[in-house]
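Report on one structure; see the data block that follows.
Number of protein chains: 2
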Amino acid sequence: MSIRATMDPRQLGTVSLFEGLDDRGLERVLQAASIRKVAAGQAIFEQEDAADTVFVMVAGHAKVAKRGADGQETVIGFINPWEMMGCVAVCGGTGYPGTATAVEDSWLLAWSRATIERLMDEHSRIARNALSTISGRLQSMQTRLHEVSNERVERRIAHTLRRLADASGRDTRQGREIAFPITRQDLAEMTGTTLHTVSRTLSAWHQQGIVESARQRIIVRDASALERIAESE
Amino acid sequence: MSIRATMDPRQLGTVSLFEGLDDRGLERVLQAASIRKVAAGQAIFEQEDAADTVFVMVAGHAKVAKRGADGQETVIGFINPWEMMGCVAVCGGTGYPGTATAVEDSWLLAWSRATIERLMDEHSRIARNALSTISGRLQSMQTRLHEVSNERVERRIAHTLRRLADASGRDTRQGREIAFPITRQDLAEMTGTTLHTVSRTLSAWHQQGIVESARQRIIVRDASALERIAESE
DNA sequence: CGCGCGATTGACGCCCGTCAACTGGGGTGG
DNA sequence: CCACCCCAGTTGACGGGCGTCAATCGCGCG
């Protein structure tokens, strides 16, 4: 009674890595996959482990973070359903550049390095998709580097929150809610600041009616105000 | 009397993008290339231009910088001989993410998007190399993001200078010299600080005998001291 | 019910960005 | 060939944004 049996291969077509494959191709990709369930808080892969598996999130969310020599962590990003992770490392050939942790109970599809390389050989489209996906991530990293280098803290937080709400939000009665548990600390590690400053900023925004927040929950009530903060001169 | 006529195709094998191709393949790649000479200070491509050309630096150096909405610039990196540029944009499909400027008189090989895609089809190795190269850049971006987010200015400058000396240095009587003209402003835009702070830091290091510097020139005299600054607890 | 982790808030101070003034060397044009 | 000028660099003074330290609160899980 595997998940695989209940899954329509065509859902895989929504994964950017497998975009453009025909039904036969998608079915073969799915058959080559194995399934993994990870409980909230558990690691999916660890920084510097040999990168031998590519994952696609099926349900749940994960956090990818890099810890430096000093023990400080930087959050690279969050992985949403139908997004890929680990591809960079597997394609680049070295170890994973960060640690991935499930922030909710999650189900993932997994392919070994050998398998993904075989699939890329069979379907050159997959290699092209991988290039395109990684290029996009590289550009978003460049954008973040620019922000951290040149912008004040409040604006960085606004940018980051806007992006999170956009990519991982779900609309609720109160506004757009980040669809997974996220702490002030996480947000601080994404924006290069401290949890204290994030807390102060969110408190101020709360008083202005821009956000609503509870423990590990953030709801954006006024997206345009956030935009104004992010883009104001 | 083109440069192409005087160039051994095998030199192209040192370009990571074309690594592992056989002599026939390299020759075909070279035949598909066009040549461009760019004077110091001239743009090679502009941010947001349609990305339709991949370049390989043959001789000279270029700076790639991203300017934000506010006009602030962030230096993405410098391109050394036999390194590639523009691949991300061409593969990713959108415009160039930054502006590339020759910092010295430079010669480049250029391939149109259509050509590079044809070459990738003919030689799947090229696509794999592109993936590997871009993965490496993504990882180095992640490292820089971590540094800018978590480290003090002096240490960031030390890290950056070490990397520059490593990748673009040439050994001289006095020490290892950055092999192209670079201003305090450039270094500031690479490390997320101001030219004033860079100047003060280099002055201090000069007094300790760690670096030697002149207009647009930096020489690292004591690499281990730099390392100590970069890694000290 | 109690413990722990996430969040809040205040006080303090320092790193480094900003403003400002000056220096010097090299390239250009007369 | 010299003089001017501009650009890169240097250095001081100042102050504020935000990191750091510290204390407290309260929700939610065990």
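Note that the protein sequences, when read in sequence, are chains W and S.
Note that the numbering used here has the first sequence beginning at 1, numbered continuously upward.
Note that the numbering used here has the second sequence beginning at 1001, numbered continuously upward.
Where is the CB? At the ideal position from N, CA and C, for every residue including glycine.
Quick caveat, the model's predicted, so the values are computed rather than measured.
Q: Take PHE1055(S) and list the residues in its own chain whose beta-carbon comes closer than 6 Å to its own, dropping the five residues that flank it on each side.
A: MET1085, GLY1086, LEU1108, ALA1110
Q: Measure the beta-carbon distance from GLU1117(S) to ALA69(W) and round it to whole angstroms, keeping in mind my assumption that it falls under 8 Å.
A: Between ALA69(W) and GLU1117(S) the Cβ distance is about 40 Å, and since that is not below 8 Å, they are no contact.
Q) Of the residues ILE1076(S), HIS1123(S), GLU1083(S), which one's Cα is nearest the Cα of SER1016(S)? A) GLU1083(S)
Q | Simplified DSSP state of SER235(W), which is helix, strand or coil | A | In the structure as shown, chain W starts at 1 and stops at 233, and residue 235(W) therefore has no counterpart that could be examined.
Q) Do SER1135(S) and ALA89(W) come within 9 Å of each other at the CB atom, strictly closer than that value? A) yes
Q. Touch check for the stretch 57 to 65 of chain W and the stretch 18 to 25 of chain W: three-plus C-beta pairs under 8 Å?
A. no
Q) Three-state secondary structure (DSSP) at ALA40(W)? A) coil
Q | From ALA214(W), SER149(W), VAL29(W), residue whose alpha carbon lies closest to that of VAL1075(S) | A | SER149(W)
Q | Selection from ILE229(W), MET190(W), ILE218(W) that minimises the alpha carbon distance to VAL64(W) | A | MET190(W)
Q: Measuring only between beta-carbons, confirm whether LYS1066(S) sits less than 9 Å from chain W.
A: yes
Q) Among residues of its own chain, excluding the 5 on either side of ARG1067(S), which ones have a beta-carbon nearer than 6 Å to its beta-carbon? A) GLU1073
Q) By the 10 Å Cβ neighbour count, where 16 or more other Cβ atoms means buried, how is GLU122(W) classified, buried or exposed? A) exposed
Q.
Residues in the same chain with beta-carbon distance under 7 Å from ARG1155(S), minus the five sequence neighbours each way, listed in chain order, please.
A. ILE1229, ALA1230
**Q.** Neighbour flag for THR146(W) against chain S, beta carbons, 9 Å
**A.** As written in the sequence, residue 146(W) is His, which differs from the Thr given in the question. With 9 Å as the cut-off, HIS146(W) counts as an interface residue toward chain S.
(Q) According to DSSP, GLU1073(S) sits in a beta bridge with which residue or residues? (A) ARG1067(S)
Q) the stretch 1084 to 1109 of chain S: which residues have C-beta closer than 7 Å to a C-beta of chain W, in chain order? A) VAL1088, CYS1091, GLY1092, GLY1093, PRO1097
Q | Beta-carbon proximity list for ARG36(W), same chain, < 6 Å, skipping 5 on both sides | A | LEU108, ALA110
Q) How would you call SER168(W), buried or exposed, if buried means at least 16 neighbouring beta carbons within 10 angstroms? A) buried
Q.
Residues of the stretch 1123 to 1143 of chain S in Cβ contact with chain W at a cutoff of 9 Å, in chain order, please.
A. SER1124, ALA1127, ARG1128, ALA1130, LEU1131, SER1132, THR1133, ILE1134, SER1135, GLY1136, ARG1137, LEU1138, GLN1139, MET1141, GLN1142, THR1143
Q.
In this structure, how does DSSP classify THR1099(S) when only helix, strand and coil are distinguished?
A. strand
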